[in-house]
Amino acid sequence: MPLVNPKTGTTVDEIAEGIHRISTPVSEVPGGFTFNQFLIMDEEPLLFHTGPRKLFPVVKQAVETLVPASWIRWIAFSHVESDECGSLNEWLAAAPGARPVCSQVAAMVSVDDMADRPARGLADGEVLKLGQHMVKWIDAPHLPHGWECGYMMELTTSTLLCGDLFTQGGADLPAITKDDIVETSEIFRRQMDYFSHTTNADVLLDKLAEEEPEVLACMHGSTYQGDGGAMLRSLAKSFRKG
Ligand SMILES: [Fe+2]
Ligand SMILES: [Fe+2]
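Under the working numbering, the residue at position 67 of the sequence shown is numbered 47, and the numbers go up by one with no gaps.
Put into structure tokens, the structure is as follows:
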């Protein structure tokens, strides 16, 4: 994994064509943890997750190994939480042409008030063209948490930017794995109970599985390459067991 910051251990890896994973290990969570952001390089570069506000200088430095921060056009995230969008305003200041992009609910409830510039709220199924890459917004309220929650599917690489789904604990996991990530993430879910217990989980996971992603870009832990639809269906099955 190419190390871009020896002090923080931050690494940058291309996990699909033009999609780069920035990963910083932290020790605050027992057993270690990672905060990952994903940069889609294109005519209109998009950053999915900003990382926590206190990590802003670290994430910015990592982004700048790929593209000047001022070139970023879209700051995207799954739901409103510090690791998702804690440095949103810092990014809007660093990138004068950038706008937040999130669900319509997120824009209405939080982002249009919290952010220094108005958000682009995407409807369920709406596609945003970045150049070669295209991201489709998928609403997923309360999966795993947050009324405003949703995900982005990058259509040309079949990459699902899947936020907190499949969160894996540990600080020294590989950038990419082809191994099952359901079991490891389910251990973490049972310990931390960070899911909302929405009764719609089955329907929403099925909706995500229907996209048949080939890459699952997880916010915490390794990126999975393989049959993402099967992983999502396996996660739904595991939920049903409790
Ligand atoms: Fe979250
Ligand atoms: Fe998270």
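Note that CB positions come from ideal geometry on N, CA and C, so glycine has one too.
Supposed close pair residue i, residue j - CB separation, criterion 8 angstroms
i       : j      : result
Ser58   : Ala75  : Actually they are not in contact, since the Cβ atoms of Ser58 and Ala75 sit about 20 angstroms apart, beyond 8 angstroms.
Leu26   : Val115 : 7 angstroms
Ala99   : Pro121 : With a Cβ gap of about 17 angstroms, Ala99 and Pro121 do not count as contacting.
Asp(-7) : His29  : Contact doesn't hold; Cβ gap of about 15 angstroms is too wide.
DSSP beta-bridge partners of residue i
i      : result
Thr203 : Ile156
Ala115 : The question names Ala, yet the displayed sequence has Val at residue 115. According to DSSP, which records beta bridges pairwise, Val115 is partnered with Leu108 and Glu134.
Ala56  : Phe28 and Val81
Per-residue burial, residue i [other beta carbons within 10 Å of its own, 16 or more giving buried]
i      : result
Pro172 : With the sequence shown as reference, residue 172 is identified as Met, and Pro is not the correct amino acid for it. Result: exposed.
Asp159 : exposed
Val174 : The question names Val, but residue 174 is Tyr in the sequence shown. Result: exposed.
Asp152 : exposed
Pro154 : exposed
Lys40  : buried
Arg169 : buried
Ile2   : buried
Glu163 : exposed
Leu212 : buried
Limits of the alpha helix (DSSP H) - the one that residue i falls within
i      : result
Thr164 : Val162 to Met172
Val195 : Element bounds for Val195: not the alpha helix (DSSP H) but the beta strand (DSSP E), Val195 to Ala197.
Endpoints, beta strand (DSSP E) assigned at residue i
i       : result
Asn180  : It is not in any beta strand (DSSP E) - Asn180 carries neither H nor E in the DSSP assignment.
Cys82   : Arg79 to Ser83
Asp(-7) : Thr(-10) to Ala(-4)
Leu215  : That residue, Leu215, is in no beta strand (DSSP E); its alpha helix (DSSP H) goes Gly208 to Lys221.
Would you check if the region 84 to 101 and the region 118 to 133 touch, i.e. whether three or more CB-CB distances between them fall below 8 angstroms?
yes
Can at least three beta-carbon pairs, one atom from the region 184 to 204 and one from the region 133 to 144, be found at a separation below 8 angstroms?
yes
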